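So the structure is just underneath, and the comments pick up after that.
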């Protein structure tokens, strides 16, 4: 079974595939949007209708990101990633591997815990994605006789998972910038959109 361990593609590619790059940046944009919305909902006083609208949009984007993450993991398990620099210390490679696993894990946990939290909510407000598509609650949780303690526990999980993911994102960005501006290697460029560089990449034998 394929793993998430970075490994060079058979063709010798030094870039992630176009699909991987698109999914990565779509997920990144979605997660950052969700974090900002979460901070606004938690720390800024808004009228009831605006809070309701923000929660509905937050849920809609969260479910969308959940599907994108599933696609990203599926793609990653069937398509190897470019190799890390050969001169990168083994301990640093291990750290990068563990950090990526943690990122994947929290990206899965957050939307699932949010969905579970909505499903067990005492308010029982239905979820309608982008005001159009009705989204069901998780069947087991929605029929619990005593929802309050489960909802409280899920709120704690969702809250701290959000902060954990934000911390890993900051670490991830800092590491990428270090590779680019301190170590001067190719790690950041592996995930940057190539735009008009596709012909050059093909000349170098890189896979789009």
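In the numbering used here, the protein residues as written are 631 to 838.
Glycine is no exception: its CB is placed at the ideal position from the N, C-alpha and C atoms.
Values in this document were obtained by computation on a predicted structure and should not be read as measured data.
When C-alpha distances from residue 655 are compared across 803, 809, 810 and 767, the shortest belongs to 803. Per the Cβ contact rule, the stretch 724-734 is not in contact with the stretch 749-764 (fewer than 3 Cβ pairs under 8 Å). The Cβ-Cβ distance between residue 784 and residue 746 falls below 8 Å. If you ignore the 5 residues before and after residue 688, its C-beta comes within less than 6 Å of the C-beta of 667, all in its own chain and listed in chain order. Unbroken beta strand (DSSP E) stretches of 3 residues or longer found wholly inside the stretch 750-799: 757-759 and 763-765, given in chain order.
Taking C-alpha positions only, residue 653 is separated from residue 679 by approximately 32 Å. With respect to the 8 Å criterion, residue 741 and residue 692 are classified as neighbours on the basis of their beta carbons. The way I'd put it, the stretch 817-824 doesn't touch the stretch 766-775; fewer than three beta-carbon pairs between them come closer than 8 Å. Distances from the CA of residue 658 to each of 779, 795, 774 and 788 were compared; the closest alpha carbon is that of 795. Within the same chain, Cβ atoms closer than 8 Å to the Cβ of residue 751 are found at 777 and 781, the five residues on either side in sequence being excluded. Around the CB of residue 773, fewer than 16 other CB atoms lie within 10 Å, so the residue is classed as exposed. Within the model, the alpha-carbon separation for residue 756 versus residue 681 is close to 15 Å. For residue 660, same chain residues with a beta-carbon under 7 Å away, outside a window of 5 residues either side, are 691, 694, 695 and 698 in chain order. In this structure, residue 714 lies near residue 723, with their beta-carbon atoms less than 8 Å apart.
Following the DSSP letters along the chain, one finds residue 673 inside the alpha helix (DSSP H) bounded by residues 648-673. The C-alpha of residue 771 is placed about 34 Å away from the C-alpha of residue 650. In the assembly as shown, residue 814 is an exposed residue. Its beta-carbon has fewer than 16 other beta-carbons within 10 Å. For residue 686, the CB contacts under 8 Å within the same chain, skipping 5 residues up- and downstream, are 757, 758 and 761 in chain order.
When secondary structure is reduced to three states using DSSP, residue 715 falls in the coil class, being assigned neither helix nor strand.
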